[in-house]
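This report refers to the structure that appears directly beneath it.
Numbering (my numbering), first residue to last: 7 to 86.
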């Protein structure tokens, strides 16, 4: 979906609604429950680690971090 996905997110980002409409099939749903086949993560808190992809994080670290936050954690791998 690529560019169409990111273009449609521009409509959602201002925060007028929690729903997202798929640019391909026009299905609308709450963005937190939407199935994204591309790597995506949405939150009120995010971190970007440049040039850390090869180092990565252990699953134990991610599990411990999620437990401390008392929220699920998504780890999105992106190579530009």
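Where a beta carbon is used, it is the ideal one built from N, C-alpha and C, also for glycine. Nothing here was measured: the structure is a model prediction, and the numbers come from that model.
Which of helix, strand or coil does DSSP assign to residue i?
{"i": "residue 30", "result": "coil"}
{"i": "residue 15", "result": "helix"}
{"i": "residue 67", "result": "helix"}
{"i": "residue 74", "result": "helix"}
In its own chain, which residues sit with a C-beta less than 7 Å from the C-beta of residue i, not counting the 5 before and 5 after it?
{"i": "residue 36", "result": "24, 25"}
According to DSSP, which residues form a beta bridge with residue i?
{"i": "residue 35", "result": "26"}
Hey, would you say residue i sits closer than 9 Å to residue j, going by beta carbons?
{"i": "residue 28", "j": "residue 40", "result": "yes"}
{"i": "residue 79", "j": "residue 68", "result": "yes"}
{"i": "residue 84", "j": "residue 51", "result": "no"}
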